[in-house]
Amino acid sequence: MDLPEAFDTFHDKISLGIKATQKIEVATGGLTKYLSDQYGLGPGGVFLQGSCANDTAVEPEDRHEGEYDADLISLSATPGMSSDEALDDLVAVLCQNGTYEKLIRLEGSKKKPCVRLRYADDEVGGFHVDVVPARASASADPQAPLEVPRRGAGWHDTAPAEYTDWCRSNGPRFARTVKMLKRWREHHQPARQSIKSIVLQVLASNSLGSQNSDAQALVSTLRGVKVVLDESGAGAPTVLNPVLLSEDLAARWDATAYQNFRKELDEAVSLAERALASTNVEESHRLWRELLGDDFPSAPARPAVPPTVTPSTPAPGFQDSQAPPRRERYG
Numbered sequence: 000m001d002l003p004e005a006f007d008t009f010h011d012k013i014s015l016g017i018k019a020t021q022k023i024e025v026a027t028g029g030l031t032k033y034l035s036d037q038y039g040l041g042p043g044g045v046f047l048q049g050s051c052a053n054d055t056a057v058e059p060e061d062r063h064e065g066e067y068d069a070d071l072i073s074l075s076a077t078p079g080m081s082s083d084e085a086l087d088d089l090v091a092v093l094c095q096n097g098t099y100e101k102l103i104r105l106e107g108s109k110k111k112p113c114v115r116l117r118y119a120d121d122e123v124g125g126f127h128v129d130v131v132p133a134r135a136s137a138s139a140d141p142q143a144p145l146e147v148p149r150r151g152a153g154w155h156d157t158a159p160a161e162y163t164d165w166c167r168s169n170g171p172r173f174a175r176t177v178k179m180l181k182r183w184r185e186h187h188q189p190a191r192q193s194i195k196s197i198v199l200q201v202l203a204s205n206s207l208g209s210q211n212s213d214a215q216a217l218v219s220t221l222r223g224v225k226v227v228l229d230e231s232g233a234g235a236p237t238v239l240n241p242v243l244l245s246e247d248l249a250a251r252w253d254a255t256a257y258q259n260f261r262k263e264l265d266e267a268v269s270l271a272e273r274a275l276a277s278t279n280v281e282e283s284h285r286l287w288r289e290l291l292g293d294d295f296p297s298a299p300a301r302p303a304v305p306p307t308v309t310p311s312t313p314a315p316g317f318q319d320s321q322a323p324p325r326r327e328r329y330g
């Protein structure tokens with residue numbers, strides 16, 4: 000069953016709430032101003048990228064163990080810097096502020112092109128901001144306006160603003176479906192083995208189609224992704240960045256993690272198809288909850304049926320003992 004009201008409730012439940020949104024705005028706003036001032040950057044010199052920018056962010060399923068985050072690009076690296084120097088320079092500038100110095104967690108970004116700042120946990124979950132130093136790309140690729148560093152691995156082309164525009168151009172159905180797929184991923188896969196969000200987004204876009212409901216969109220997308228992976232054989236398929244075709248987003252998809260995802264996907268397709276095909280409200284709710292987790296609402300309780308009251312049988316001779324109604328005369 001489509002269960003549109005239940006899916007609306009589910010979407011609202013998993014989307015970032017007011018408190019999380021405000022925390023992100025305060026944290027990224029403060030960092031944007033600080034880095035812009037320190038590096039002398041003009042408007043747009045520090046900007047948001049990732050799920051918060053493209054409206055696909057979700058709250059963690061487990062508020063005690065999960066995390067939500069935000070990603071910032073800082074155009075603060077210079078042409079002469081090595082990748083390690085750019086990251087070290089960003090750390091040094093952030094350490095000049097006593098507040099930010101205490102928040103830096105280098106262990107969370109050793110293999111990433113970023114410096115991580117971890118903020119205090121709240122009722123939503125853990126929260127961090129990843130800041131990526133970037134600079135104008137020196138490559139000949141016209142689709143690559145920027146490049147970002149990775150420790151020990153040099154510079155890599157990127158197009159974060161263009162990717163955000165691409166995500167938004169896919170419309171609200173795409174954003175809603177990606178959020179639900181992210182919750183499915185979190186509910187069924189350990190974080191270290193799960194598919195990258197950007198890979199999931201691109202695969203979803205290629206498989207979504209035009210659907211009339213969230214339920215139909217999920218089934219169509221999961222089926223489409225399964226077809227793509229089935230055709231790729233034992234290894235991960237090539238998943239090109241739609242705004243940077245020289246980048247294979249799945250190039251570093253671990254083989255074991257990929258096979259685990261294939262198994263989860265097969266089960267998800269079966270569950271989603273059964274949930275959509277079911278004509279029983281309780282069963283459909285149960286199957287969607289098995290796929291998407293407990294934030295998907297249970298079936299509404301059936302209204303209580305009042306007991307049937309059987310009229311009592313008059314005692315023998317009851318009618319004979321009753322006098323006819325008295326007729327009053329007026330006039």
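No gaps in the numbering here: position 186 of the sequence shown is 185 in numbering that gives the first Met the number 0, and each next residue is one more.
Note that beta-carbon positions come from the ideal geometry of N, C-alpha and C, so glycine has one too.
DSSP places Pro42 outside both helix and strand once states are collapsed to three, so it counts as coil. The alpha-carbon separation between Val218 and Ala235 amounts to approximately 21 Å. Boundaries of the beta strand (DSSP E) around Ile72: Glu66 to Ser73. Tyr38 and Ser75 have their C-alpha atoms spaced approximately 6 Å apart. For secondary structure counted as the beta strand (DSSP E) over 3 or more consecutive residues, the segment 139-196 holds these complete runs in sequence order: 145-148 and 154-157. Segment contact: the segment 135-152 against the segment 163-181, fewer than three CB-CB distances shorter than 8 Å; contact not assigned. Scanning Leu248, Ser283, Pro241 and Glu282 for the CA closest to the CA of Asp164 turns up Pro241.
Taken atom to atom, the span from the alpha-carbon of Glu282 to that of Met0 is near 9 Å. The three-state reading of DSSP puts Gly29 in helix, counting H, G and I together. Taking the C-beta atoms as reference points, Ala250 is found no nearer than 8 Å to Tyr118. Measuring C-alpha to C-alpha distances from Gly124 to each of Val131, Cys113 and Lys18 identifies Lys18 as the nearest.
Within the DSSP secondary-structure output, Ala135 pairs in a beta bridge with Leu145. Around the beta carbon of Ala137, a 10 Å sphere encloses fewer than 16 other beta carbons of the protein chains shown; the residue is thus reported as exposed. For Glu246, the enclosing beta strand (DSSP E) covers residues Leu243 to Asp247.
Taking C-alpha positions only, Gln95 is separated from Glu66 by approximately 27 Å. Between Arg62 and Glu122, the CB-CB gap stays under 8 Å.
Taking a 10 Å sphere around the C-beta of Leu243, we find 16 or more other C-beta atoms and assign the residue as buried. Sorting Ser209, Cys113, Leu102 and Lys32 by C-alpha distance to the C-alpha of Pro171 places Ser209 at the top. Contact between the segment 219-228 and the segment 260-272 is present: three or more C-beta pairs spanning the two stretches fall below 8 Å. When the beta-carbon positions are compared, Lys12 and Asp247 stay at least 8 Å from each other. Going by beta carbons, Gln188 and Glu263 fall inside the 8 Å limit. In the assembly as shown, Ala158 is a buried residue. Its beta-carbon has 16 or more other beta-carbons within 10 Å.
In the same chain as Gly49, and ignoring 5 residues on each side of it, the C-beta atoms closer than 6 Å to its own belong to Asp70, in chain order. With fewer than 16 other Cβ atoms inside 10 Å of its own Cβ, Thr307 counts as exposed. Secondary-structure assignment with DSSP links Gln48 through a beta bridge to Asp70.
Rounded to the nearest whole angstrom, the C-alpha separation of Ala256 and Lys195 is 11 Å. Leu275: member of the alpha helix (DSSP H) spanning Ala254 to Ala276, first to last residue. DSSP places Ser204 in the helix class (H, G or I) of the three-state scheme. For Glu58, the number of other beta carbons within 10 angstroms of its own is at least 16, and it is reported as buried.
Taking the Cα positions, Thr20 is about 32 Å away from Val268. About 7 Å separates the beta carbons of Thr55 and Cys166, which is inside the 8 Å limit, making them a contact pair. His127 is bridged by DSSP to Asp68 and Arg117.
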